[in-house]
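Numbering (my numbering), first residue to last: 91 to 513.
Single-structure report; data block below.
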Amino acid sequence: MHRLIIFLCVLTLPVFAQGRRGRGRAVSNEVTLLKPARVFDGEAMHPGWMVLVRGERIDAAGPAVDASGAKVIDLPGMTVLPGLVEGHSHMLLHAYNETSWNDQVAHESTGLRVARATVHLRNTLMAGFTTMRDLGTEGAGYSDVELKQAVNQGIIPGPRILASTRAIVATGSYQPKGFSLEWRVPQGAEEADIDSIVRVVRDQIGHGADWVKLYADYRYGPQPGAHPTFSIEELKLAVETAHSAGAPLTVHSSTAEGMRRAVLAGVDSIEHGDAGTPEVFKMMAERHIPLCPTLAAGYFTSQYAGWNGKPPEPPGIERKRASFKAALDAGVTILSGSDVGVFTHGENAKEIELMVAYGMPPVDALKAATQTAGRVFHMDIGVVKSGMLADLIAVDGDPTSDITSLEKVRLVMKGGTVYKNPQ
Ligand SMILES: [Zn+2]
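Below, the structure written as structure tokens:
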């Protein structure tokens, strides 16, 4: 409670927050002992373990730790696990059953969208997600970088943010569409082609992109469905430019050909993968390119379109199940990411629940949202061991026996600061 009070004081003392630009609150050397029924350390479940936190990092974890002088937080019946990671979010979007994507991008102004996003970030953190990779502001400029600054300066509560700014699409391929054809309508992402892709990648990195996000295919052209957009040459140029700046690059891709080109271009992850074939998943597995399956997006949008959530499942959900199974069978690394923003922020755990429902063992699904994410993002998160950042949560029950216990988040700690406390 003590740290919660400190945090609330910071929220009400903007002078203090501004005085510590880039770090919202003083790093405390306070020592806290978390005593749950069990600990999932990012790899396996350990009954009877405790976790000692010193300042912003984990000091020790195990069945016995030297906790003299520590403040004890008892978490009876609960599981402590690494703060969950949302691998694919859109903090500047809200659920499509409230407002369509088209209307959000074309009719909601940036100030309104940022105001909403502050609530989205708080709800995400309180749901136990302490890191998020945000993959495109969808017409809201560089607001993700600005919101990240607000979180880092302690002005608003939120997860650690990996931003990607505007995202990049091939000219003519994206949206909004449906306007008078003589109008040049602002798009939900930045257009680039062979003559401009290097400049656009550099410009987005210059504006604060931690990851570069490209759309390797999209629904466009005279035929129905998605079609590849960028050539392999364009994708390679983008990857080379991003990597030169130390920024990883991910692609939106749902077609097998878009995924194949992305793999050959050397991308760092692939989003969606709906029509991935065993061949393309094999290529991804061989090159250790993770897939962010975004199962929850289709699960929710199908319901917005009228499905009641029960069997029989719509054909789109059946195809998604099949391609996710093909990815698992091929041994593709799975990074948990839901495309939240399409649906309500704070319900991110649905992705992990669906991975289990679609055939992934619960321990593997938990790893996809913790240890794997820490590795793919090159961050000291996702594992409970000495030296890692103290991003920790506690949930009621045991998520390896009932994955929906991830919805019962009782404690949230980020960088050693408690944001939600059961006591
Ligand atoms: Zn997305």
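Glycine included, every Cβ here is placed at the ideal spot set by N, Cα and C.
Just so we're clear, the structure is a prediction, and the values are computed from it rather than from any experiment.
Query raised in the report: Can you name the residues that DSSP bridges to residue 164?
Result: Listed as beta-bridge partners of residue 164 by DSSP are 125.
Query - Every unbroken alpha helix (DSSP H) inside the stretch 424 to 463 [4 residues or more] - result: Counting only runs of 4 or more, we get 440 to 447, 452 to 458.
Requested in this report: Taking 8 angstroms as the threshold, find out whether the stretch 206 to 215 comes into contact with the stretch 178 to 190 through three or more Cβ pairs.
Outcome: Yes: the two stretches touch, three or more of their Cβ pairs being nearer than 8 angstroms.
Query raised in the report: So residue 509 and residue 135 are in contact, right, with Cβ under 8 angstroms, and what is the actual spacing, rounded?
Result: About 24 angstroms separates the two Cβ atoms, so there is no contact after all.
Requested in this report: Check whether the Cβ of residue 226 sits closer than 7 angstroms to any heavy atom of ligand 1, and report yes or no.
Outcome: Residue 226 Cβ: within cutoff of ligand 1.
Query raised in the report: Do the stretch 440 to 456 and the stretch 487 to 499 touch if we need at least three Cβ pairs shorter than 8 angstroms?
Result: Contact holds: three or more Cβ-Cβ distances are below 8 angstroms.
Requested in this report: For residue 186, I'd like the list of residues in its chain whose CB is within less than 7 angstroms of its CB, leaving aside the five on either flank, ordered along the chain.
Outcome: Excluding residues within five positions, the ones whose Cβ falls inside 7 angstroms are 391, 394, 432.
Query - ligand 1 heavy atom lying under 7 angstroms from the CB of residue 149 - result: No, since every heavy atom of ligand 1 falls outside the 7 angstroms radius drawn around the Cβ of residue 149.
Report task. Can you have a look at residue 193 and say buried or exposed, based on whether 16 or more other CB atoms are within 10 angstroms of its CB? Result -> By the 10 Å Cβ count, residue 193 comes out exposed.
Report task. May I ask you to report which of helix, strand or coil DSSP gives residue 275? Result -> Coil.
Requested in this report: Use the C-beta contact count for residue 313: other C-beta atoms within 10 angstroms, 16 or more gives buried, fewer gives exposed.
Outcome: With fewer than 16 other Cβ atoms within 10 Å, it is exposed.
Query raised in the report: Hey, out of 177, 500, 264, whose CA is closest to residue 438's CA?
Result: If we check each option's Cα against that of residue 438, 177 comes out closest.
Query raised in the report: On the three-state DSSP scale, how would you describe residue 110?
Result: Note that residue 110 scores 37 on pLDDT, short of 50, meaning its location in the model is unreliable and no value can be drawn from it.
Query raised in the report: What's the C-alpha gap between residue 319 and residue 346?
Result: For the pair residue 319 and residue 346, the Cα-to-Cα distance works out to about 12 angstroms.
**Report entry** residue 429 Cβ short of 7 angstroms to ligand 1 heavy atom set
**Finding:** True, at least one ligand heavy atom lies under 7 angstroms from that Cβ.
Query raised in the report: Would the C-beta of residue 515 count as close to ligand 1, meaning under 7 angstroms from any of its heavy atoms?
Result: Outside the displayed span of the chain (91 to 513) sits residue 515, for which this structure offers no information.
Requested in this report: May I ask you to check if the CB of residue 180 is nearer than 7 angstroms to at least one heavy atom of ligand 1?
Outcome: Under cutoff, so the answer is yes.
Query raised in the report: What is the DSSP secondary structure of residue 236, counted as helix, strand or coil?
Result: In the structure shown, residue 236 sits in a helix (DSSP, three-state: H, G or I).
Requested in this report: Taking 8 angstroms as the cut-off, decide whether the C-beta atoms of residue 413 and residue 364 are in contact.
Outcome: Yes. Within cutoff.
Query raised in the report: For the candidate residues 407, 353, 397, whose alpha-carbon lies nearest to that of residue 384?
Result: Minimum Cα-Cα distance from residue 384 among the listed residues 407, 353, 397 corresponds to 407.
**Report entry** Burial state of residue 458, where buried means 16 or more other Cβ atoms lie within 10 Å
**Finding:** The residue in question, residue 458, is buried, as its Cβ has 16 or more Cβ neighbours within 10 Å.
Requested in this report: Have a look at residue 334 and residue 356 and give me their C-alpha separation to the nearest angstrom.
Outcome: So the two alpha carbons sit approximately 13 angstroms from each other.
**Report entry** Span separating the alpha-carbon of residue 469 from that of residue 269
**Finding:** Cα to Cα, the separation comes out at about 43 angstroms.
Query - Buried versus exposed call for residue 112 [16 or more other C-beta atoms within 10 Å across all chains shown] - result: For residue 112, the predicted model reports a pLDDT of 39, less than 50, meaning its position is unreliable; a value from the coordinates is still stated below. Classification for residue 112: exposed.
Query raised in the report: Under three-state DSSP, which class holds residue 308?
Result: Correct three-state label for residue 308: strand.
Query raised in the report: Assuming residue 78 and residue 251 make a contact with CB atoms under 8 angstroms, what is their CB distance in whole Å?
Result: The chain is shown from 91 up to 513; residue 78 falls before or after that span and cannot be answered.
Query raised in the report: On the three-state DSSP scale, how would you describe residue 413?
Result: For residue 413, the three-state secondary structure derived from DSSP is helix.
**Report entry** Straight-line gap, residue 443 to residue 452 (C-alpha atoms, nearest Å)
**Finding:** Pairing residue 443 with residue 452, the inter-Cα distance amounts to about 8 angstroms.
Query raised in the report: Anyone know if the C-beta pair for residue 290 and residue 339 falls short of 8 angstroms?
Result: It is not a contact, given that the beta carbons lie outside the stated cut-off.
Query raised in the report: Below 8 angstroms between beta carbons: does that hold for residue 337 and residue 293?
Result: Contact flag unset, no.
Query raised in the report: What separation, rounded to the nearest whole angstrom, lies between the Cα atoms of residue 359 and residue 332?
Result: Between the alpha carbons of residue 359 and residue 332 lies a gap of roughly 13 angstroms.
Requested in this report: Return the chain-ordered ranges of every beta strand (DSSP E) run that is complete within the stretch 314 to 357 and spans a minimum of 3 residues.
Outcome: Under the rule that a run must span 3 or more residues, the beta strand (DSSP E) segments found entirely inside the stretch 314 to 357 read 316 to 318, 339 to 343.
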